[in-house]
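K.L.:
The sequence shown maps to residues 68 to 149 in our numbering.
Just so it is clear, CB atoms sit at the ideal spot from N, CA and C, and this is done for glycine as well.
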Amino acid sequence: MYFIAQLLDIYALGLLVYVVLSWIESPGTIKARAWLGRFYEPLLSPLRGMLRSINLSSVSLDLSPIALFILIIIVRRILLAF
Numbered sequence: 068m069y070f071i072a073q074l075l076d077i078y079a080l081g082l083l084v085y086v087v088l089s090w091i092e093s094p095g096t097i098k099a100r101a102w103l104g105r106f107y108e109p110l111l112s113p114l115r116g117m118l119r120s121i122n123l124s125s126v127s128l129d130l131s132p133i134a135l136f137i138l139i140i141i142v143r144r145i146l147l148a149f
């Protein structure tokens with residue numbers, strides 16, 4: 068179970084990189100974001116459908132990455148409990 072928990076840590080770190088890259092607009096980050104999106108969008112898209120974005124005047128805050136981080140933490144703790 069420890070190995071799977073380590074994989075979840077790596078997945079969470081990649082999610083953090085994916086989120087940070089979404090704030091940076093350049094040709095290199097667009098390609099990296101498209102590649103990382105193959106791993107994260109299958110989980111983020113359904114969460115976006117369940118959660119509303121928060122509108123902060125001219126900016127919209129997507130809560131799905133935060134929800135996915137929380138889910139990763141919960142699954143990791145369950146795995147390490149056994």
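Would Ala143 be called buried (16 or more neighbouring beta carbons within 10 Å of its own) or exposed?
P.N.:
Locating residue 143 in the sequence shown gives position 76, where the first residue counts as 1. According to the sequence as given, residue 143 is Arg; it is not Ala. It counts as buried.
K.L.:
Are the Cβ atoms of Ile139 and Ala79 separated by less than 8 Å?
P.N.:
Position 72 of the sequence shown holds residue 139. Position 12 of the sequence shown holds residue 79. Yes, the pair counts as a contact, with Cβ atoms nearer than the cut-off.
K.L.:
Assign Leu88 to buried or exposed, taking buried as 16 or more other Cβ atoms, counted over all protein chains shown, within 10 Å of its Cβ.
P.N.:
Within the sequence shown, residue 88 is the residue found at index 21, counting from 1. With 16 or more other Cβ atoms within 10 Å, it is buried.
K.L.:
Between Leu114 and Gly81, is the Cβ-Cβ spacing less than 8 Å?
P.N.:
To locate residue 114, count along the sequence shown from 1; it is residue 47. To locate residue 81, count along the sequence shown from 1; it is residue 14. In this structure, Gly81 does not lie closer than 8 Å to Leu114 by Cβ.
K.L.:
Helix, strand or coil: how does DSSP classify Leu130 here?
P.N.:
Here residue 130 is taken as the residue at index 63 of the sequence shown, counted from 1. In this structure, Leu130 counts as coil in the three-state DSSP scheme.
K.L.:
Does any C-beta atom of chain D lie closer than 8 Å to the C-beta of Leu80?
P.N.:
Structure shown: chain D not included; a single protein chain is present.
K.L.:
If you count every other CB in all the chains shown that lies within 10 Å of the CB of Ser120, and 16 or more means buried, which is it?
P.N.:
One-based indexing of the sequence shown puts residue 120 at position 53. Under this definition Ser120 is an exposed residue.
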